[in-house]
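Chains as they are written, first to last, in this note's numbering: chain A, 464 to 581; chain B, 13 to 123.
The beta carbon of each residue, even a glycine, is placed where N, CA and C say it ideally should be.
Remember, predicted model here, so these are calculated numbers, not experimental data.
First comes the structure, then the notes that go with it.
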């Protein structure tokens with residue numbers, strides 16, 4: 464399978480614990496995005512990498528959240544001191560920078576990691 | 013906030029065409045229309061995108077009105093596996109921007 468993969472698929476944790484999720488993008492995709500999706504809502508953007516550089520962060524990404532992409536390949540998203548409000552599906556997407564100015568990039572999503580904070 | 017408006021739900025009989033509307037009256041000249049769908053408990057799946065011309069691929073057709081203020085995604089022969097939430101998204105042509113999802117349309121294909 465050459466699609467985007469995410470691990471774990473499910474995580475149950477107690478409030479106050481730290482959790483880390485991993486995303487492996489499609490091979491050679493240089494862009495990687497993290498989104499969060501709560502029940503009944505569409506995904507919301509969290510942050511975005513181009514290669515190893517984190518280029519954009521949304522206001523949703525509080526200081527308890529940190530994301531890395533150290534070698535420009537896989538990425539991790541860590542949530543410290545989890546709260547019940549962090550319960551959501553965390554989605555990763557990857558894309559390739561278009562070769563020409565008028566080309567469009569298409570983001571391909573992984574299956575997500577479903578987090579439940581008790 | 014999402015720049016699109018979609019009906020919250022629609023039904024379609026299996027084997028019939030599913031026509032999903034989307035309003036994007038404030039779309040700018042350099043913004044594309046993208047469609048994704050999300051089957052229950054899975055990540056969103058790319059379907060199609062377009063700027064002003066109608067587009068067709070193996071999954072669907074995208075019809076964009078001449079004034080670009082609305083569009084319709086057409087699944088020509090809906091199957092039970094097409095039951096999903098369909099998201100219509102407008103996105104700048106620069107391309108390196110995150111997708112802004114609304115609540116989408118929940119399509120139920122009925123046998």
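By the Cβ neighbour-count rule, residue 43 of chain B is buried, with 16 or more other Cβ atoms within 10 Å of its own. Around the beta carbon of residue 110 of chain B, 16 or more other beta carbons sit within 10 angstroms, so the residue counts as buried. Residue state for residue 23 of chain B is assigned as strand, using DSSP reduced to three classes. Cα atoms of residue 28 of chain B and residue 96 of chain B: separation of roughly 16 Å, rounded to the nearest angstrom. Counting along the chain, residue 470 of chain A sits inside the beta strand (DSSP E) bounded by residues 468-470.
In the three-state DSSP reduction, residue 63 of chain B falls in the coil class, being neither helix nor strand. The Cβ atoms of residue 476 of chain A and residue 497 of chain A lie no closer than 8 Å to each other.
Distance from the Cα of residue 66 of chain B is smallest, within the candidate group B:80, B:93, B:55, B:58, for B:80.
At least 8 Å separates the CB of residue 52 of chain B from every CB of chain A. Each residue's CA atom was taken as its position, placing residue 69 of chain B and residue 37 of chain B some 25 Å apart.
Under the Cβ criterion of 8 Å, residue 506 of chain A is counted among the residues facing chain B. Considered as a whole, the stretch 464-542 of chain A harbours 468-470, 473-476, 482-487, 494-500, 507-513, 516-520, 528-531, 538-542 as its complete beta strand (DSSP E) runs of no fewer than 3 residues, in chain order. For a Cβ distance threshold of 9 Å, nothing in chain B lies close to residue 528 of chain A: the least Cβ distance comes to about 15 Å. By the 16-neighbour rule on beta-carbons within 10 angstroms, residue 101 of chain B is buried. Contact annotation for residue 517 of chain A against chain B: no contact, minimum CB-CB distance about 13 Å [criterion: below 7 Å].
Between residue 472 of chain A and residue 559 of chain A, the C-beta spacing is not below 8 Å. Closest in C-alpha terms to residue 569 of chain A, from the list B:122, B:48, B:117, B:118, comes B:48. Secondary-structure assignment with DSSP links residue 53 of chain B through no beta bridge to anything.
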